[in-house]
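*Asks:*
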Amino acid sequence: MANIGSYESKLNDFSWQIAEKELDYKPGDIINIGEYCTDRICRMGKKDKLALIWKEHSGDIKKYTFDQMRVHANTIAHYLSGLGLQNGDRICLFMDKIPELYFGFLGILKMGGVAQPLFSAFGPESLITRLEDAGTAAIITQKKHLSKVRKIVNDLPSLKNIIVVDYDGKKPLKDGETAFFMEKEEPIENYDIFPAKAETPSVLHYTSGTTGKPKGAQHVHYSLISQYISAKYVLDLNDDDIYWCTADPGWVTGTSYGIIGAWANGVTQCVLDAGFKAQSWYDFIEEHKVTVWYSAPTAIRALMKEGDEIVKEHDLSSLRHLCSVGEPLNAEAVIWSEKVFGLPFHDTFWQTETGSIVISNYPGMKVKPGSMGKPFPGITATIVDLKTHEPIETGVVGLIAIKPGWPAMFRTYWKNEKVYKSKFINGWYICGDRASIDEDGYYWFVGRDDDVINTGGHLVGPFEIESALLEHEAVAESGVIGKPDPVNMEVVKAFITLKAGFEPSDMINLEIMNFIRKKLSPLAMPQEIEFVDSLPKTRSGKIMRRVLKARETGEDIGDISTLENDL
Ligand code: PRX
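This is the structure we're talking about:
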């Protein structure tokens, strides 16, 4: 029997107080996520249970019990406090998926800091935008990423501490840089956690929008309530599970469900710190007898491409429950997973802003391949009209909207209350995604309602790429769109007009791609560049990305009455 029991009956008897009670939390109590994921689990008699099984790309494996994790998180918390960092300070985690990233996250929360995880493949420009906005006080990083930090630190007056977790002593550290070795420091057995309350800030995740700079979605410790109970009901986590969440904690799935949800449930997680390769993924599942697997459609489609034979060469019989998030999970992928694993992937829908799963397929509930499923118990969702934002009838496409008030909802965009407020209309939080509901209450995703690009489950803002492109000496203007892609859902495509004196060539094409890869990240790098003589613009001079997109996909361009120039 699944943890959720029957979805229909859970809808009737659910309240968030169920989760509060299970977590021994009462309104007004201290609720520190770092404590809940470590000390509390140890107190429950699981101190010698494995919390983390970690495999490095070289093949080395390290294992940590809940008690070891607790002490490592304490040691990091103590070290950060010792540097003079205070509660409320934004502390960035800029690392590959190494144990220090996971325990550092919990350590920051334990000392009352605000954890700001950033994807380690980010280049200096992506980094500075987010650190500057957040006024980040410290960054915890690895030797291999230090040069990117050094490039920008002088422009970041708030960034006082750069902590290197694997310093080898070869080149001298500079002012403000310190070496910290989690496993060699004096272990801190007992640490007085920061007495965080429900509304104390916890995590700041940056997410890209259509316009402007990326925005920091601010979460609070009370998010634990949603993350704990949704991990239990949707991921169906049990005490004897070996759980693998493939997401990187630089993105929200990697923290809400790759750290908080699972460990608050006292479940053993495994992490593979290596890029995607079907062989190593299947080996990993077989080797560690993974039972619950949370991944993303791009990875699933990439596995599909590798075929069925490689699956048969592995014993994957430990798997019992599969979930997916981040992009539309196409029906073929669900049908394929049923065929090869004997289990369907359960699609889950949510966002950085929602902090936890809001629409999902549940164990025990019929899966309609291609549908995102139904609202989580305790979540009131609907579809509202694209213009009036009033709830609309079954079957009609509109915007996904959620009644505010669930525990993991973001509390603001960092220093951007105006944009935060603009997301709430007629008493609904508007997700910015188009979908419809069928006669059985299942939600069907249609597409985003803005220009944000979803590549492999990662959101990339076209504005950030266009701004970076302008810094290249040859680029006069650019328009960036998501081009449909069979595996990655979308890839970045840039339309560029060149400055006088520059001619389109393979060389310049490659140079611009590399320029963006290094400056921003491999995700933001245009996979395709088209040099054009002019770009479609409104009379006020704004580049019309939707015209570029329609031209690319052959779709109807729609109303172009505001277009200034001919196409
Ligand atoms: O467009 C939706 C898409 O990813 C967006 C949220 O991205 P992010 O904030 O980075 O968080 C990703 C992981 C929670 C959504 O607005 N998205 C997410 N899940 C799905 C999805 N699109 C279709 N189907 C999904 N299941």
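Numbering (this note's numbering), first residue to last: 42 to 608.
Yeah, the Cβ is synthetic: ideal placement off N, Cα and C, and Gly gets one too.
May I have a chain-ordered list of the beta strand (DSSP E) segments no shorter than 3 residues that lie completely inside the segment 428-487?
*Replies:* Those beta strand (DSSP E) runs which fall completely within the segment 428-487 and span 3+ residues are 439-443, 469-478.
*Asks:* Does the ligand PRX have a heavy atom nearer than 7 Å to the CB of Asp492?
*Replies:* Outside the cutoff, so no.
*Asks:* Measuring only the C-alpha atoms, how far is Phe382 from Val399?
*Replies:* Going by the C-alpha atoms only, they are around 26 Å apart.
*Asks:* Among Glu571, Val308, Val438, which one has its Cα closest to the Cα of Ser477?
*Replies:* If we check each option's Cα against that of Ser477, Val438 comes out closest.
*Asks:* Alpha carbon to alpha carbon, how far is Asp314 from Pro545? Give it in angstroms, no decimals.
*Replies:* Rounded to whole angstroms, Pro545 to Asp314 spans 39 Å at the Cα level.
*Asks:* Kindly examine the ligand PRX and report whether one of its heavy atoms sits closer than 7 Å to the Cβ of Glu593.
*Replies:* Glu593 Cβ: outside cutoff for every heavy atom of the ligand PRX.
*Asks:* Looking at Tyr403 and Gly396, is the spacing between their C-beta atoms short of 8 Å?
*Replies:* No, Cβ-Cβ distance for Gly396 and Tyr403 is not below 8 Å.
*Asks:* Hey, could you find the ends of the beta strand (DSSP E) Met530 is sitting in?
*Replies:* 530-539 is the extent of the beta strand (DSSP E) around Met530.
*Asks:* Alpha carbon to alpha carbon, how far is Phe55 from Tyr298?
*Replies:* Straight-line Cα distance between these residues: approximately 21 Å.
*Asks:* Please classify Asn195 as buried or exposed, where buried requires at least 16 neighbouring CB atoms within 10 angstroms.
*Replies:* So Asn195 counts as exposed.
*Asks:* Which word fits Gly599, buried or exposed, when buried means at least 16 other C-beta atoms lie within 10 angstroms of its C-beta?
*Replies:* By the neighbour-count rule (16 or more Cβ atoms within 10 Å), Gly599 is not buried but exposed.
*Asks:* From Lys559 to His387, what distance separates their C-alpha atoms?
*Replies:* Distance between the alpha carbons of Lys559 and His387: 35 Å.
*Asks:* Under 7 Å from any heavy atom of the ligand PRX, does the C-beta of Trp391 make it?
*Replies:* Correct: Trp391 has its Cβ closer than 7 Å to the ligand PRX.
*Asks:* Please tell me whether, using a cut-off of 7 Å, the distance from the CB of Asp474 to the nearest non-hydrogen atom of the ligand PRX is below it.
*Replies:* Within the cutoff, so yes.
*Asks:* Sorry if obvious, but does the Cβ on Val275 come closer than 7 Å to a heavy atom of the ligand PRX?
*Replies:* No, Cβ of Val275 sits at least 7 Å from all heavy atoms of the ligand PRX.
*Asks:* So Tyr232 and Asn115 are supposed to be a Cβ contact under 8 Å. How far apart are they, rounded?
*Replies:* With 8 Å as the limit, Tyr232 and Asn115 qualify as a contact, their Cβ atoms being about 4 Å apart.
*Asks:* In the segment 96-152, which residue ranges form an unbroken beta strand (DSSP E) of at least 3 residues, counting only runs that do not cross its ends?
*Replies:* Taking only runs of at least 3 residues, the beta strand (DSSP E) segments lying wholly in the segment 96-152 are 102-106, 131-135.
*Asks:* On the DSSP letters alone, give me the boundaries of the alpha helix (DSSP H) that Thr294 sits inside.
*Replies:* Where Thr294 is concerned, the enclosing alpha helix (DSSP H) stretches over 293-296.
*Asks:* Under 7 Å: does the beta carbon of Arg489 sit that close to some heavy atom of the ligand PRX?
*Replies:* True, at least one ligand heavy atom lies under 7 Å from that Cβ.
*Asks:* Helix, strand or coil: which one does DSSP assign to Asn231?
*Replies:* Here Asn231 sits in coil by DSSP.
*Asks:* From the DSSP output, in three-state form, read off Glu49 for me.
*Replies:* Helix, per DSSP.
*Asks:* Could you have a look at Glu61 and say whether DSSP puts it in helix, strand or coil?
*Replies:* Glu61 falls in the helix class under three-state DSSP.
*Asks:* Count the CB pairs spanning the segment 164-172 and the segment 250-261 that are closer than 8 Å, and state whether there are at least three.
*Replies:* The segment 164-172, when compared against the segment 250-261, does touch it at the 8 Å Cβ threshold.
*Asks:* Just tell me which of His262, Leu187, Gly69, Gly164 has its CA closest to the CA of Glu505.
*Replies:* Nearest of His262, Leu187, Gly69, Gly164 to Glu505, Cα basis: Gly164.
*Asks:* According to DSSP, is Glu593 helix, strand or coil?
*Replies:* In this structure, Glu593 counts as helix in the three-state DSSP scheme.
*Asks:* Locate the beta strand (DSSP E) running through Thr339, then write down its first and last residues.
*Replies:* Not the beta strand (DSSP E): Thr339 falls in the alpha helix (DSSP H), residues 338-347.
*Asks:* Mapping DSSP to helix, strand and coil, what is Gly520?
*Replies:* Here Gly520 sits in strand by DSSP.
*Asks:* Can we say the segment 177-196 touches the segment 312-330, given the rule of at least three CB pairs closer than 8 Å?
*Replies:* Short answer: they don't touch.
*Asks:* Across the segment 51-67 and the segment 409-425, are there enough close Cβ pairs to call them in contact, namely three or more that are closer than 8 Å?
*Replies:* The segment 51-67 is in contact with the segment 409-425.
*Asks:* Smallest Cα separation from Ile283: which of Ser581, Leu93, Pro567?
*Replies:* Looking at the Cα atoms, Leu93 is the closest of the given residues.
*Asks:* Checking contacts by CB at 8 Å: is Lys464 closer than that to chain C?
*Replies:* Annotation note: the requested chain C is absent from the structure, which comprises a single protein chain.
*Asks:* For a test of the three-state rule: what should DSSP assign to His355, helix, strand or coil?
*Replies:* DSSP places His355 in coil when its eight states are reduced to three.
*Asks:* State the Cα-Cα distance for the pair Arg452 and Phe543, rounded to the nearest angstrom.
*Replies:* Cα-Cα distance, rounded: 47 Å.
*Asks:* Going by C-alpha to C-alpha distance, which of Phe135, Ala118, Met136 sits closest to Asn39?
*Replies:* Not covered by the structure: residue 39. The range shown for the chain is 42 to 608.
*Asks:* Note down, in chain order, each residue of its chain lying with its Cβ closer than 7 Å to the Cβ of Ile549, except the 5 sequence neighbours on either side.
*Replies:* Once the five neighbours on either side are set aside, the close Cβ partners of Ile549 are Ala515, Phe543.
*Asks:* Helix or strand or just coil, what does DSSP make of Lys212?
*Replies:* Three-state result, Lys212: coil.
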